[in-house]
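Below: one structure, written as C-alpha cells.
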Amino acid sequence: MPVGAMGVFDRRLLLAVDARGYGSSDTARQRDIQTALPRLLSEAAEAAGLDRASWVRQAAGDSEFAVLPAGSDEQALVEPFMRRLDAGLRAHNRDRVPGARLALRTVVHFGPASEAPNGFVGPGPVEISRILESDPLRRALAEAPGAALAVALTAPVFTELVAQGYTNFQPEEFREVVVEKKEYRGRAWLWVPGCDVHALDLGAAGPRSGAEPGPRTASDFGSGHGYESGSGSGSAGASGSGSAAGPGEPAEPARTASAQGGGGDSATTNLYGTVINGNVVFGISK
Numbered sequence: 000m001p002v003g004a005m006g007v008f009d010r011r012l013l014l015a016v017d018a019r020g021y022g023s024s025d026t027a028r029q030r031d032i033q034t035a036l037p038r039l040l041s042e043a044a045e046a047a048g049l050d051r052a053s054w055v056r057q058a059a060g061d062s063e064f065a066v067l068p069a070g071s072d073e074q075a076l077v078e079p080f081m082r083r084l085d086a087g088l089r090a091h092n093r094d095r096v097p098g099a100r101l102a103l104r105t106v107v108h109f110g111p112a113s114e115a116p117n118g119f120v121g122p123g124p125v126e127i128s129r130i131l132e133s134d135p136l137r138r139a140l141a142e143a144p145g146a147a148l149a150v151a152l153t154a155p156v157f158t159e160l161v162a163q164g165y166t167n168f169q170p171e172e173f174r175e176v177v178v179e180k181k182e183y184r185g186r187a188w189l190w191v192p193g194c195d196v197h198a199l200d201l202g203a204a205g206p207r208s209g210a211e212p213g214p215r216t217a218s219d220f221g222s223g224h225g226y227e228s229g230s231g232s233g234s235a236g237a238s239g240s241g242s243a244a245g246p247g248e249p250a251e252p253a254r255t256a257s258a259q260g261g262g263g264d265s266a267t268t269n270l271y272g273t274v275i276n277g278n279v280v281f282g283i284s285k
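Read in order, the letters of the sequence shown correspond to residues 0 to 285 in numbering that gives the first Met the number 0.
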C-alpha cells in the first residue's frame with residue numbers, strides 16, 4: 000500500500016480533559032487535583048467498559064489528552080463514560096467547600112491523528128485543544144450553577160452519534176456554538192449535566208449572528224456518515240480546509256453538477272452524507 004510523505008493516515012477517537020482553577024490554586028489544592036483526576040478518569044472508563052490502560056495519554060498536572068486505540072467504542076466514551084465521570088465528580092465534591100470542589104471541561108473528537116516522535120500530529124489534536132480552551136466551553140462550566148462537568152462534542156461525534164440516536168441523549172440537550180481560538184474557527188456542541196445549556200449566557204457563541212437558534216433535532220442532521228465544514232478551519236485543523244470524518248471510514252465528498260439550462264440561474268447539487276456549510280446543515284441521502 001502506498002504511503003504519503005506524512006506517513007500512514009489515521010483517524011482516532013480523542014479525549015481532552017482540563018480542570019478549572021488549577022493555576023490559581025495553592026500547592027495542596029494542586030496535589031489534590033492531580034490525585035483525583037486520574038482516579039476519576041479511570042473509574043469512568045472502567046464503568047463504561049473502556050480499557051484506559053490502552054490509551055496513549057499525555058498528562059500535564061490538571062489536564063490529560065488521550066488517543067484511544069483504533070476501533071474504540073465511541074458510544075461508550077460519549078455517554079456512559081461522561082455520565083459516570085459526572086457522578087464521580089459530584090461524589091468527590093459532596094463534602095467539600097466550594098473552593099475545594101473539582102470541575103472539569105472535556106472534549107470528545109474523532110479525527111486525524113498520527114503518531115509522531117514526541118506524541119501525535121494532525122488536525123485532530125489541534126481541534127480538540129482549541130475547543131478545550133475555548134470561551135464557550137469555559138463559560139458553560141462557569142455559568143451553570145453547581146456544575147462539575149462541561150462536555151463538548153465535535154461535529155463528527157455529535158452528528159453521527161447523538162443526532163442519529165446512537166446514544167440516550169436527546170439532540171436538544173446540546174447547544175451548538177461557534178468556537179474561535181487562535182487560528183481555529185469551527186463548531187462544537189455543548190452539554191452540561193443537570194443544566195439547560197440553552198439558558199446559559201455564553202456570550203457571542205451562537206452559530207448564527209444575531210439571535211441564538213433554537214434546539215435542533217436529529218432530522219436536522221440527515222442520515223449520512225460524514226461532514227464537510229465550510230466555515231473556517233472546521234475539523235481539518237488550523238489550515239482552514241474542511242475534513243470528512245466518520246466512525247469507520249471517510250465520508251464521500253459533496254458533488255456539484257453544472258447549472259442546468261432553463262429560465263434561471265439554477266444548479267443541481269447532489270449531497271452524499273451530512274454536510275455542514277456555513278450556517279446550513281444539509282442531510283440529504285443518496
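For every residue, glycine included, the Cβ atom is placed at its ideal position computed from N, Cα and C.
For clarity, every value in this text was computed on a predicted model and none was experimentally measured.
Classification of residue i by the beta-carbon crowding that lies within 10 angstroms, buried from 16 upward
i	result
proline 97	exposed
phenylalanine 157	buried
arginine 30	exposed
serine 23	exposed
alanine 52	exposed
alanine 27	exposed
arginine 19	buried
proline 124	buried
Residue i vs residue j beta-carbon contact at 8 Å
i	j	result
leucine 189	alanine 151	yes
histidine 149	leucine 160	Checking the sequence shown, residue 149 turns out to be alanine, not histidine. No. Outside cutoff.
aspartate 72	glycine 110	no
leucine 39	histidine 91	yes
threonine 166	glutamine 74	yes
alanine 43	glycine 70	no
glycine 202	arginine 138	yes
alanine 143	arginine 89	no
glycine 118	glutamine 57	yes
Nearest residue (CA-CA) to residue i, options the options
i	options	result
alanine 65	Ser71, Gln74, Asp72, Trp54	Trp54
glutamate 294	Asp195, Arg184, Gln29, Ala198	An answer regarding residue 294 cannot be provided, because it is not within the stretch 0 to 285 covered by the chain.
alanine 99	Gln57, Asp25, Ala112, Glu63	Asp25
histidine 197	Gly121, Ser113, Pro135, Val125	Pro135
aspartate 61	Ala147, Ala143, Leu101, Ser41	Leu101
valine 77	Ala143, Lys181, Val191	Val191
aspartate 50	Asp200, Ala59, Pro68	Pro68
histidine 108	Asp94, Pro155, Gln57	Pro155
leucine 199	Val176, Asn117, Glu182	Val176
glycine 193	Ala162, Tyr21, Asp85	Asp85
Close-in-space but distant-in-sequence residues of the same chain around residue i (CB under 7 Å, 5 per side omitted)
i	result
alanine 46	Pro79, Arg83
serine 128	Ala15
valine 120	Ser113
Under the three-state DSSP convention, the category residue i falls into
i	result
alanine 115	strand
threonine 153	coil
glycine 221	Here glycine 221 scores only 41 on pLDDT, less than 50, and its place in the model is too uncertain to base an answer on.
glutamine 163	coil
alanine 198	helix
aspartate 31	helix
alanine 69	coil
alanine 58	strand
arginine 95	coil
serine 77	Serine is not the amino acid found at residue 77; the sequence shown has valine there. Helix at valine 77.
Contacts around residue i, its chain only, beta-carbon distance under 6 Å, and the 5 residues preceding and following it disregarded
i	result
valine 178	Ile130, Ser133, Gly185, Ala187
valine 106	Ala15, Ile127, Ile130, Leu131, Ala151
aspartate 9	Ser113
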